[in-house]
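Residue numbers (the numbering used here): 5 to 635.
Using N, Cα and C, we set each Cβ at its ideal position, and we do this for glycine too.
The structure displayed is predicted, hence computed values, not measured ones.
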């Protein structure tokens, strides 16, 4: 299949890398989310949002009647198992205060009267009618007693409910009970509830919170479904998030001992209960009915106090009646947002150094938390985990590409150019994605030639080993300015150095770089004089000096040579002219001679001295030459 011109070569490879990384990150992220693998991680942020937000609103539909330490002290001589008459007084006062439904979050396997009969005490009015006030309250129809699902030693689930004599007094019998189990997540935190625990209509399997909401609104617990605040609930076992109004203590809570006073209905706190569904629940120092909630995860500077079971139920009632609870943001909004972030970040990952890419990834991972929390304040959930997983996957994928493709490419380029260009140049070749055309191409470049003055005389006065030592020391110093300016040390020809600027990496300012490199070489050569005098004293050597020629023009760049010996080099008239200009430095009596073409291309700021028009061997047209002065 033919590809369009704009998709050829390196660009085609980068486009496919981009698509591969982006698609892989999306598949891993969204796939992990759909499979539920990210839920525990997502819960961390979900809990933190609750803690940071603090109290979110006042409850309007639910409240807790706390059997607290004050209440226990008031009736410290009465065993809790025999509190039915006390509960009856509280229930009557709640009804008189305008409460719509009442739940009792205490479970009795046996009634007080049955227990008294079991003791075979003498028959009396008290033993026969001890629970009568309580039974009378149950008969009114707006009361819900709790039942519990318990697991037997054989692993079976059974329901432990109120005693039969209490169920007989309730208008709907066992269907006036609500299952009060809490169903924590894997990390033992309660974030959700089941409106219906057991869907079978014939079985009393509706949850406590739903039962109280139904009694408050006159609903039928046998129906196939219900609607509250515009939200539909089907008779299915499905989790619903609890819309917590705030951390422990945020729910309207009234101590039961206030309800038991003669003037209870005049109490301002009791008056606030009008129109609500309430739960009478333990909240004393010794109760075990405390559970971890989203507010229990440890966050520096915040409390991690557990929440009482009664308050969790009250929050569930509030959720049902108000319809306010955290809802997942639509996939049609969240997923396009994820795609846009990935497109931008993957583009950066493929262009940036891995360390910089890691910083970008961490920055975006942190940045996504801002809209996530802002949306949580509006009861919308932007899942953070898919973003983090996608960013991590994209980063690791691009890192793998670098370690495989780019590092292999780097090794190839280093083997080809490593001796002649700096690592920075190799990095730029890879980053630009424009590998040199080894088959040959004509480019505008700047060529620099340099050699040592009187090298023949010097070499005659030194041993062969000393000549090699001197050249290695000299080349080690004078090649550095070339590499620093992004040039390619193309070849050494005896004592001469040929360098090319503008290939294999193109720089728009290649002429200026060449001139600056020449000035740097001149400074290094000046310092090398002292080395020569110290290393070879009393040898009668001429004073060390160099000449440098610089010329800008077109040249053919390519991989040239035989099967056994090839090199990437420049050929053409520009190369010859630069070589000739190096010889012109003797005529001008200067160190650096640059053509007018090189000076013009280098731009302003280059200090020049003498100027001369010269004819160089091999060129018909004369060349205007300038002496370049060192800074």
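In whole angstroms, give me the CA-to-CA distance for residue i and residue j.
i           : j           : result
residue 146 : residue 207 : 20 Å
residue 295 : residue 331 : 23 Å
residue 610 : residue 599 : 13 Å
residue 577 : residue 453 : 14 Å
residue 507 : residue 497 : 20 Å
residue 3   : residue 563 : Since the displayed the chain opens at 5 and closes at 635, residue 3 lies outside it and no answer follows.
residue 341 : residue 157 : 50 Å
residue 542 : residue 595 : 26 Å
residue 57  : residue 81  : 43 Å
residue 186 : residue 391 : 31 Å
residue 22  : residue 490 : 29 Å
residue 401 : residue 373 : 23 Å
residue 287 : residue 69  : 9 Å
residue 43  : residue 37  : 7 Å
residue 448 : residue 511 : 10 Å
residue 396 : residue 30  : 11 Å
residue 346 : residue 357 : 17 Å
residue 633 : residue 605 : 17 Å
residue 136 : residue 112 : 16 Å
residue 458 : residue 549 : 8 Å
residue 195 : residue 364 : 33 Å
residue 623 : residue 584 : 10 Å
residue 336 : residue 316 : 32 Å
Can you list, in chain order, the residues of its chain whose CB lies under 8 Å from that of residue i, leaving out five sequence neighbours each side?
i           : result
residue 209 : 183, 200, 201, 202, 203
residue 226 : 179, 205
residue 602 : 450, 515, 518, 519, 554, 555, 556
residue 275 : 101, 269
Can you give me the Cβ contacts of residue i inside the same chain, cut-off strictly under 6 Å, excluding the 5 residues immediately before and after it?
i           : result
residue 174 : 142, 180
residue 63  : 249, 255, 256, 322
residue 309 : 252
residue 366 : none
residue 78  : 261
residue 67  : 256, 277, 280, 282
residue 59  : 250, 254
residue 505 : 450, 491, 514, 517, 518
Quick one: give me the first and last residue of the alpha helix (DSSP H) that residue i is part of.
i           : result
residue 523 : 514-539
residue 286 : It is not in any alpha helix (DSSP H) - residue 286 instead sits in the beta strand (DSSP E) that spans 281-286.
residue 590 : 577-592
residue 275 : 272-275
residue 502 : Taken as a continuous stretch (DSSP letters only), residue 502 belongs to no alpha helix (DSSP H), being part of the beta strand (DSSP E) at 500-505.
residue 100 : 88-100
residue 471 : 468-488
Only counting the same chain, and skipping five residues up and downstream in sequence, which positions put a Cβ closer than 7 Å to that of residue i?
i           : result
residue 320 : 197, 213, 246
residue 424 : The predicted model places residue 424 with a pLDDT of 48, which falls under 50 and marks its position as unreliable; any figure quoted below should be read in that light. Around residue 424: 492, 493, 494.
residue 93  : 264
residue 279 : 102, 104
residue 579 : 451, 559
Is any beta-carbon of chain C found at less than 8 Å from that of residue i?
i          : result
residue 57 : Considering every chain present, this structure includes no chain C. It has just one protein chain.
Please name the residue in the options whose C-alpha comes closest to that of residue i.
i           : options            : result
residue 75  : 348, 263, 29       : 263
residue 19  : 355, 461, 588      : 355
residue 99  : 522, 220, 375, 496 : 220
residue 237 : 524, 480, 211, 89  : 211
residue 51  : 302, 362, 78       : 302
residue 86  : 106, 114, 176      : 114
residue 499 : 490, 485, 510, 471 : 471
residue 614 : 635, 608, 589      : 589
residue 140 : 89, 161, 389, 166  : 89
residue 232 : 327, 352, 112, 359 : 327
residue 528 : 575, 195, 480      : 480
residue 525 : 53, 318, 532, 482  : 482
residue 189 : 48, 551, 91        : 48
residue 551 : 284, 244, 587      : 587
residue 297 : 290, 619, 54       : 54
residue 269 : 166, 408, 95       : 95
residue 165 : 192, 217, 109      : 109
Over the uninterrupted beta strand (DSSP E) stretch that includes residue i, give me the two end residues.
i           : result
residue 364 : It is not in any beta strand (DSSP E) - residue 364 instead sits in the alpha helix (DSSP H) that spans 358-371.
residue 617 : 612-618
residue 403 : Where residue 403 is concerned, there is no enclosing beta strand (DSSP E), although the alpha helix (DSSP H) it sits in stretches over 389-405.
residue 138 : Not the beta strand (DSSP E): residue 138 falls in the alpha helix (DSSP H), residues 136-143.
Please indicate yes or no: does the CB of residue i lie closer than 7 Å to some heavy atom of the ligand ATP?
i           : result
residue 208 : The model depicted lacks the ligand ATP and carries no ligand whatsoever.
Problem - alpha helix (DSSP H) runs wholly inside the region 27-79, at least 4 long, in chain order - result: The region 27-79 is shown to contain whole alpha helix (DSSP H) runs of 4 or more residues at 43-57, 73-78, in chain order.
Handout entry: Inside the region 159-240 only - beta strand (DSSP E) runs reaching at least 3 residues
Key = Taking 3 residues as the shortest admissible run, the region 159-240 contains the following complete beta strand (DSSP E) segments, listed from N- to C-terminal end: 161-164, 181-183, 229-232, 235-238.
Exercise for the section: Only counting runs of 4 or more residues, tell me where the alpha helix (DSSP H) segments fall wholly within the region 307-334, in order along the chain. Expected result: Correct list: 313-326.
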